[in-house]
Structure formats: structure tokens, C-alpha cells
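Numbering (numbering that gives the first Met the number 0), first residue to last: 0 to 727. For reference, the structure discussed in these notes is given below.
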Amino acid sequence: MAPPTPISIPAFAETQLQLLLHEHEAEVASSSLASTAASVSPSTRRTLQATGYALTGLVLSQCRTGLGGRVVGEFTPDPAIASTGSKSQGGGDSRASDGQPRLGSHGMRVGDVVRVNDVSAGSAKKAGKDKDKGKDGKEGAKGGPEGVVTRVSDKAIWIAFGQRGGGGRSKEDDEAIEELWGKKLWAIKLANDVTYRRMRQTMEKISKMTEGDHSHFMRVAFGHTTPLQPDYEGTGDVQFIDPTLNDSQKDAIRFALAAKDIALIHGPPGTGKTHTLIELIMQMIQRKKRVLVCGPSNISVDNIVERLAPNKVPVVRIGHPARLLPSVMEHSLEVLTQTSDAASIVKDVRREMDEKQASIRKTRTGRERRAIYDDLKLLRKEFRERESKCVDNLVRESSVVLATLHGAGGHQLKNQKFDVVIIDEASQALEAQCWISLLSAEKVVLAGDHLQLPPTVKSANLKTRDKNGRDTEKDENDTAKEEILKGVSLERTLFDRLLALHGPGIKRMLTTQYRMHEKIMRFPSDELYESKLIAADSVKDRLLADLPYEVEGTDDTQEPLVFWDTQGGDFPEKTEDDDIGKKEALLRESKSNEMEALVVARHVENLIAAGVRPESIAVITPYNGQLALLSQMLREKYPGLELGSVDGFQGREKEAVVVSLVRSNAEHEVGFLGEKRRLNVAMTRPRRHLCICGDSETISRGSEFLQHWMGYLEENADLRYPDAGDLL
């Protein structure tokens with residue numbers, strides 16, 4: 000292979016800075032509804048929840064002191080709404096098996112920045128407060144306090160307040176949280192500027208580095224040198240700890256151990272990528288290596304913590320774990336700062352803070368209350384100082400530290416050195432996000448699948464540089480720079496770029512998949528994975544009829560692959576633009592297809608009638624307009640059924656998945672269905688049953704990939720043609 004073309008490191012960082020600025024502006028603009036309105040109509044709140052931006056029908060049930068001395072509020076479904084069984088607040092109406100109200104389907108995830116609003120804000124009584132000036136002098140905060148989601152269950156959501164800016168909390172924050180008691184509340188997702196700020200700081204740091212500051216790995220990553228040859232002799236004979244590993248997993252582990260600077264582990268859907276990483280981490284610990292493990296989301300990191308925990312390895316999880324399972328929690332800083340030997344220095348202050356917090360609601364006068372707020376402020380400062388010393392000791396003593404990519408830029412890891420940095424789900428992370436953890440890395444292992452969706456990017460890529468005032472007088476240097484940086488975009492991940500730069504020699508692929516029936520797997524394997532995927536014996540023939548609970552053997556439950564072909568023009572798509580008001584802008588220009596939604600609903604009903612549990616089924620679609628329509632049809636009837644977007648379902652799996660493709664038009668336009676990575680995600684989520692609903696006439700004209708897919712379905716799926724008359 001020819002030597003790679005080197006990329007100017009400062010120019011790369013400057014280009015990334017511009018792209019990140021555009022992306023941040025686009026993200027803030029997309030949450031303008033959140034920024035400008037504390038008071039929106041119930042229908043808009045429902046729309047926001049259906050599209051993953053809000054959670055409605057909440058009350059504050061309790062508060063406690065969390066990491067950093069911050070107040071963590073627990074929000075549960077409003078029992079008044081739950082008891083009526085009404086959907087009026089968008090979903091806190093169904094009950095769990097123990098009779099407790101549970102939250103409706105929503106898109107809130109751990110790590111999301113949210114604002115908690117009073118449903119009645121904006122009324123005459125509140126109008127004056129809403130117009131107050133904010134801290135930055137601009138027109139008011141328009142709504143309640145802002146925080147970060149730290150935990151989500153089916154019955155509650157936990158939010159830590161005062162974290163958005165990464166600093167402490169203020170007296171005003173305390174009062175804002177205090178005002179939430181007894182109110183009907185809803186939470187809305189906001190743009191997360193903490194991640195943006197850390198990415199920007201990292202790129203600024205890289206842009207200012209001299210050549211002497213560049214690490215060996217950095218020079219490899221930008222093509223200034225080639226990767227060193229793997230040292231298999233130095234690794235020795237690898238004694239695997241996990242006896243269940245397959246040959247491709249063992250090969251990937253040997254390669255990653257032997258690599259001197261970079262190793263990519265390519266894990267197609269269901270191939271046990273995380274399973275492989277656990278063994279790799281254990282092997283590195285045996286070799287006395289100190290490891291930093293990162294991922295783009297809390298879920299990706301907690302998944303690894305959970306699987307490492309039974310191995311009795313000294314690990315520390317920086318940040319807030321997504322699940323409070325004992326096996327995970329005992330390794331989180333939140334618990335370690337309460338249970339470790341060093342924890343006693345913070346316990347007494349935490350107890351005093353909790354007592355003060357509880358006493359606020361018993362006070363009778365504003366003066367007493369303000370005195371408590373002042374005491375709390377001092378206690379928090381003392382708490383943070385003590386906790387910081389405790390945290391520093393805990394991190395230093397740990398063999399494995401785990402954090403989200405942006406969490407790796409926190410103060411807890413300043414001046415910490417690691418022998419290896421492992422990034423899981425690297426294909427779903429922005430490159431700038433990865434560099435937060437890589438600035439001083441010597442050896443890096445990236446794991447992911449670059450043939451699934453890259454990170455979501457809302458802004459258009461930087462096409463020209465004249466807007467920045469840099470191209471008004473081009474010189475040869477500028478032109479050369481542009482030539483090199485032409486391929487740089489936010490959607491192009493570090494995994495992708497390294498693979499293109501150094502070729503497949505730095506990559507090992509996992510080839511046995513443990514998720515899908517062979518007939519579901521075959522098309523993505525042939526089209527995207529060089530026909531290398533093999534279905535494990537345990538999964539290759541399994542059907543819905545074989546589930547470990549009673550399911551009737553029907554045409555649906557005994558078929559792994561069903562295609563409802565809606566060709567013929569009776570199932571036309573519709574653009575939502577005409578019907579949707581300004582406040583429902585999130586659905587504007589989205590597509591829906593009511594007749595196709597009826598086909599989906601009928602198929603779901605047939606599966607459930609045969610005995611398949613709603614919890615075993617997911618309905619996914621690429622379009623928010625269709626998702627809102629399907630939610631109206633199915634959510635109330637089957638609360639356990641999962642409804643979501645294709646993009647949001649990446650990394651997930653279900654026994655049965657029904658996909659609504661939506662597009663059906665005389666022009667044969669397919670829009671972003673033309674993105675094969677999106678369809679790869681859609682078709683690789685199910686274990687036993689995949690049902691596709693779509694118009695083969697429209698879809699097959701979209702691209703060569705789509706034409707091949709429609710051909711495969713016509714040849715290999717149970718092909719069905721719905722009758723529009725039967726559905727109405």
C-alpha cells in the first residue's frame with residue numbers, strides 16, 4: 000500500500016472548530032422551541048414526547064444530594080393523570096405489574112441536558128416571573144431549572160441540577176427546584192453545550208501544538224508516519240480467560256494486544272463486540288497495563304462496567320451510571336465516595352446537606368429559608384473540596400477507568416496516565432469527541448461498525464471557508480490546505496478515517512453473529528460485510544414460534560422474513576408540512592403514510608394475537624411524521640410495545656421488528672432511505688422476525704443497494720400484497 004498522504008494537524012483542528020461551531024448553532028436552533036417557550040399546548044407537549052424531545056405528566060417525588068454536592072430530583076408520573084387512565088399528558092398513564100404508574104414511551108436518555116417546566120407556567124400568575132432577566136442579561140430563563148438526566152427507569156427519571164455549566168449550584172437554583180414541589184411538570188431536552196465546549200477546547204489545544212508536542216499516535220492518526228508492526232512475540236501465547244470466545248474474537252484480541260499504536264475491531268451487528276472487549280481489558284490487566292475505556296454514551300460505557308464487574312477488577316466509573324444495579328454502582332464514583340476508605344471525609348458533610356435540604360420545606364419565613372440556602376452554599380463548597388481529594392485517590396488506585404468521551408475531559412482525569420485507551424462504539428462518535436481522551440494516548444483500540452449509522456450531524460458540512468473571512472485572498476498554501484481537508488466532515492469518524500488512511504491491515508473483523516436468523520442476516524452480510532458473516536448454530540433457525548413462552552404457530556410466527564409490498568399507488572406518502580402548525584416544527588417536512596401505518600398496525604396485532612408479547616416487538620421507521628402516526632395507533636393499546644426511529648434504535652435488538660419505510664410516490668423519490676447505513680441498522684435489529692412494509696416500485700428506483708434489497712425480499716421473504724379496502 001502507498002504511504003498515506005499526511006494531513007496538516009493544525010489545519011485539521013481549525014476545520015473541525017468551524018464544523019463544530021456550525022453544528023452547535025444548528026443544535027441550538029433545533030431546540031429553539033425549548034429555548035423560547037416554557038408554556039406550550041398539551042398537543043405540542045405530546046408531539047415533543049412522541050419525537051423524543053420531551054417527557055410529560057411528571058411530579059417531583061423526592062430530592063437527595065448527589066455527586067459534586069448537587070441536588071438530584073426524582074420525577075415520577077403524576078398519579079392524578081395515571082389514575083384517570085387518560086393520555087392527556089402524553090404517557091404517564093400505564094401501570095407496571097406492581098400497580099405503580101409508569102412513564103410513557105419517550106426519548107430521554109442518561110446524559111441528556113433537560114429543563115423541567117411547570118405545566119401552568121405562562122399563566123397570568125407566572126407571566127411576570129417568566130419575563131425576568133436571566134443571568135446573562137437576556138430575556139429570562141422562561142421555565143424551570145436545568146439539569147442532566149442521571150438515571151431512567153420505567154417508573155421514574157432522575158435529574159441532577161446545576162450540572163449544565165459543569166460548575167456548582169447557586170442560591171437561585173435551590174429556589175427554582177424548591178418551586179417544583181406540588182406542581183404538574185414536564186421536561187424538555189436542550190442542546191448539550193458541555194460536550195461541545197470540551198470538543199472545542201480539545202481542538203483549540205491541538206491547533207496550537209507544535210510538531211514537538213505531537214505524540215507518536217497523533218502522527219500515525221494524521222498520516223505523518225505509518226503504524227508500527229504488531230509485536231506478536233512480545234505478547235506471547237495468549238491464555239484466554241473466557242472459554243466461549245470464537246476464532247474471530249480470539250484473532251481480534253491477539254491483534255489488539257500485539258499492536259503497538261492502533262488497532263480497529265470491526266464488530267458487525269450481533270457479533271459480540273463488547274464481549275470481545277471485556278476479554279481484551281482482562282488480558283491487558285494481566286499484563287499490568289492501565290486502561291482508560293470510553294464510549295460516546297453513558298449506555299455504551301455502563302454496558303462494559305456491568306460486564307467487567309463480576310471479574311473483581313478494580314475499576315472506577317467516572318460520571319453517572321445509567322443503571323443503578325449493585326454490580327455497576329459499587330464501581331461508580333458516586334458510591335465509592337461514600338463506601339471507600341477515603342469516603343469518611345465527605346460523609347458527615349453530605350449528611351448535613353441532606354438535613355438542611357429537608358428542613359427547607361419546614362421553614363415558615365423567607366429569611367429562615369435564605370439563611371439555609373446560604374449555609375447550603377458553604378457546605379457545598381466544603382463538600383466539593385473534600386470529595387475532590389477522595390476522587391483523586393480512588394482514580395489513581397484503579398487499573399481500569401471508564402468514562403464517556405466527554406467525561407474523559409473532566410477534572411477527575413487531569414494528569415492521569417494510561418497505557419491504552421479503548422473507545423467502544425467509535426463509529427458513533429464525532430472525531431473531535433474521541434480526541435478528548437486521546438491527546439496523550441500511546442496506544443489506541445477503536446471498536447465499532449463503520450457500516451452502521453455515524454453520529455447524528457444536524458448542520459451542513461463546511462463546504463467553503465469564505466464565510467470565515469479566510470478565503471478572500473487565497474494563496475497557494477490555502478489551496479493546498481483545502482485539497483487535503485476536502486474529506487474532513489463531522490460525519491466522517493476517526494474509525495473511518497484511520498481505515499481509509501492505513502488500510503485493512505490495522506483492522507480485524509468479528510464474523511460470527513449471535514443475534515439474527517440466517518435469512519435476516521444474509522442480505523446485509525452479502526451486500527455490506529463481504530459475505531463473511533456466519534449465523535451461530537444457536538440462532539440461525541430460531542423463530543417467534545420457538546420463544547420460551549407459549550406462541551401459536553402461524554404464518555407470521557413461523558416466518559423469519561415478511562415483506563408487505565404496497566406497490567400500486569393505493570398507499571401514498573404524505574408530507575406533514577400542510578397539516579402541522581408552527582409549534583410542531585419538529586414534524587414539519589417529515590413524511591407519513593397512513594395506509595402503510597394501518598398495514599403495520601395489522602401485522603403487530605396479528606403477532607400479539609398469536610401470543611408474542613408486546614415487549615418482544617419493536618416498530619421502527621425513519622420518519623418522525625410516521626412515528627407520531629404509529630404512536631397514535633398503537634401506544635395506548637399496547638403500552639409495552641416499543642416505537643421509535645431507526646436512528647434511535649441503533650445498538651438495540653428485539654425478537655420481532657416491524658419496519659415502516661413510508662416512501663411511496665410517482666416520482667420514485669426515496670430521500671434519506673438512500674443511506675445504506677440507515678437501512679443496515681433497520682434490517683439488523685431483529686432476532687427471530689423481520690417484517691418490512693414498503694412500496695417496492697418506489698424503493699427499488701432509489702439506488703443499486705435498494706434495488707438489490709427489494710430483489711432479495713421478493714426472492715427470499717414471505718411476499719404479501721395488502722388490500723387497501725380491507726384496512727379501512
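Glycine is no exception: its CB is placed at the ideal position from the N, C-alpha and C atoms.
Worksheet entry | Cut-off 8 Å between Cβ atoms - residues of its own chain near Q649, not counting five sequence neighbours on either side | Mapped onto the sequence shown, residue 649 falls at position 650. Closer than 8 Å at Cβ, skipping near neighbours: Q427, Q451, L452 and V680.
Worksheet item: Are any of the Cβ atoms in chain D nearer than 8 Å to that of R521?
Response: Absence of chain D from the displayed structure is noted, only one protein chain being present.
Fill in: When P523, M594, T209 and G610 are compared against H707, the one with the closest alpha-carbon
Along the sequence shown, one-based indexing puts residue 707 at 708. Checking every option, the nearest Cα to that of H707 belongs to P523.
Worksheet item: According to the Cβ coordinates, are L102 and L54 closer than 8 Å?
Response: The count along the sequence shown starts at 1 and reaches residue 102 at position 103. The count along the sequence shown starts at 1 and reaches residue 54 at position 55. In this structure, L102 lies near L54, with their beta-carbon atoms less than 8 Å apart.
Worksheet item: Below 8 Å between beta carbons: does that hold for T224 and H501?
Response: For this step, residue 224 is matched to residue 225 along the sequence shown. For this step, residue 501 is matched to residue 502 along the sequence shown. No, the pair does not count as a contact, with Cβ atoms beyond the cut-off.
Discussion item. Output needed for E265: all residues of its chain with C-beta closer than 6 Å, excluding positions within five of it in sequence on either side, in chain order.
Written reply: Residue mapping note: residue 265 aligns to position 266 of the sequence shown, counting from 1. With the sequence shown as reference, residue 265 is identified as His, and Glu is not the correct amino acid for it. The residues are K506 and M508.
Worksheet item: Excluding sequence positions up to five away, which residues of its chain have a Cβ less than 8 Å from the Cβ of T149?
Response: Numbered from 1 along the sequence shown, position 150 holds the residue referred to as residue 149. Closer than 8 Å at Cβ, skipping near neighbours: G65, V71, V109, W157, I158, A159 and H319.
Fill in: Which of helix, strand or coil DSSP assigns to S85
Taking the first residue of the sequence shown as position 1, residue 85 is located at position 86. Below a pLDDT of 50, predicted positions are generally treated as unreliable, and S85, at 39, falls in that range; the measurement from the model is reported next regardless. Note: S85 maps to coil in three-state DSSP.
Discussion item. Need the endpoints of the beta strand (DSSP E) that K249 sits in, please.
Written reply: Here residue 249 refers to the residue found at position 250 when the sequence shown is read from its first residue. No beta strand (DSSP E) holds K249; the alpha helix (DSSP H) holding it covers D246 to A257.
Worksheet item: In three-state terms, what does DSSP make of K270?
Response: Your numbering for residue 270 matches position 271 in the sequence shown. A small correction: the amino acid at residue 270 is Thr; Lys does not occupy that position in the sequence shown. In the three-state DSSP reduction, T270 falls in the coil class, being neither helix nor strand.
Item to complete: Go to K506, then tell me how far its alpha helix (DSSP H) extends in each direction, as first and last residue.
Response: Locating residue 506 in the sequence shown gives position 507, counting from the first residue. Per DSSP, K506 belongs to no alpha helix (DSSP H); it is in the beta strand (DSSP E), K506 to M508.
Practice prompt. Taking 8 Å as the cut-off, decide whether the C-beta atoms of E593 and S663 are in contact.
Written response: Walking along the sequence shown from the start, residue 593 turns up at place 594. Walking along the sequence shown from the start, residue 663 turns up at place 664. Cβ atoms of E593 and S663: not closer than 8 Å.
Worksheet item: What does N302 pair with, by DSSP beta-bridge criteria?
Response: Numbered from its first residue, the sequence shown carries residue 302 at position 303. In the DSSP output, where bridge partners are listed per residue, N302 has none listed.
Worksheet item: Taking the runs of the beta strand (DSSP E) that are 3 residues or longer, which of them lie wholly in the region 367-452?
Response: Counting only runs that start and end inside the region 367-452, the beta strand (DSSP E) elements of at least 3 residues fall at 399-403, 419-422 and 443-447.
Discussion item. How far does the alpha helix (DSSP H) with P685 in it extend, from its first residue to its last?
Written reply: Numbered from its first residue, the sequence shown carries residue 685 at position 686. P685 -> not in any alpha helix (DSSP H); beta strand (DSSP E) instead, spanning P685 to G693.
Item to complete: Rank H215, H449 and I698 by C-alpha distance to the C-alpha of E666 and give the top, closest one.
Response: As a position in the sequence shown, residue 666 is number 667, starting the count at 1. Per the Cα distances, I698.
Discussion item. On the criterion of 16 or more Cβ atoms from any shown chain inside 10 Å, does N414 qualify as buried, or is it exposed?
Written reply: Reading the sequence shown from its first residue, position 415 is the one you call residue 414. By the Cβ-count criterion, N414 is exposed, with fewer than 16 other Cβ atoms from all chains shown falling within 10 Å of its own Cβ.
Item to complete: Identify the continuous beta strand (DSSP E) that holds K653 and give its terminal residues.
Response: Your numbering for residue 653 matches position 654 in the sequence shown. For K653, the enclosing beta strand (DSSP E) has its first and last residue at K653 to S659.
Worksheet item: Who are the near neighbours of N116 in its chain, counting only those whose CB is closer than 7 Å to its CB and skipping five residues on each side?
Response: The residue you call residue 116 lines up with position 117 of the sequence shown. These residues qualify, in order along the chain: A37, G142, G143, L184, W185 and I187.
Worksheet entry | Identified DSSP bridge partners for V70 | Stepping through the sequence shown from its first residue, residue 70 is reached at position 71. In DSSP, V70 forms a bridge with T64.
Fill in: The alpha helix (DSSP H) enclosing E593, as first and last residue numbers
The residue you call residue 593 lines up with position 594 of the sequence shown. DSSP places E593 in the uninterrupted alpha helix (DSSP H) bounded by E593 to A608.
Fill in: CB contact flag (R677, R514, <8 Å)
By 1-based counting over the sequence shown, the position of residue 677 is 678. By 1-based counting over the sequence shown, the position of residue 514 is 515. The answer is no: Cβ separation not under 8 Å.
Fill in: Sequence-distant residues of its chain with Cβ nearer than 6 Å to Y227 (five each side left out)
As a first step, residue 227 is located in the sequence shown; it is residue number 228 there, counting from the start. Sequence inspection shows Leu at residue 227; the Tyr mentioned does not correspond to that position. Here the set comprises K259 and D260.
Fill in: C-alpha gap between D717 and C692, whole angstroms
Along the sequence shown, read from residue 1 onward, the residue named residue 717 stands at position 718. Along the sequence shown, read from residue 1 onward, the residue named residue 692 stands at position 693. Each residue's Cα considered, the two are about 12 Å apart.
Worksheet item: Under three-state DSSP, which class holds H265?
Response: As a working mapping, residue 265 is identified with position 266 in the sequence shown. Three-state result, H265: strand.
Discussion item. Buried or exposed for A440, going by 16 or more other Cβ atoms inside 10 Å?
Written reply: If you number the sequence shown from 1, residue 440 lands on position 441. By the neighbour-count criterion, in which 16 or more other beta carbons inside 10 Å mark a residue as buried, A440 falls on the buried side.
Fill in: Distance, D347 Cα to T234 Cα
For the purposes of this step, residue 234 is taken as residue 235 along the sequence shown, with counting starting at 1. For the purposes of this step, residue 347 is taken as residue 348 along the sequence shown, with counting starting at 1. Cα to Cα, T234 sits roughly 48 Å from D347.
Discussion item. Tell me the DSSP secondary structure of V745 in three-state form.
Written reply: Missing from the structure shown is residue 745; the chain here goes from 0 to 727 and no further.
Worksheet item: Shortest alpha-carbon distance to T565 belongs to which of K442, M709 and R521?
Response: Working through the sequence shown from its first residue, we reach residue 565 at position 566. Nearest option by C-alpha distance: M709.
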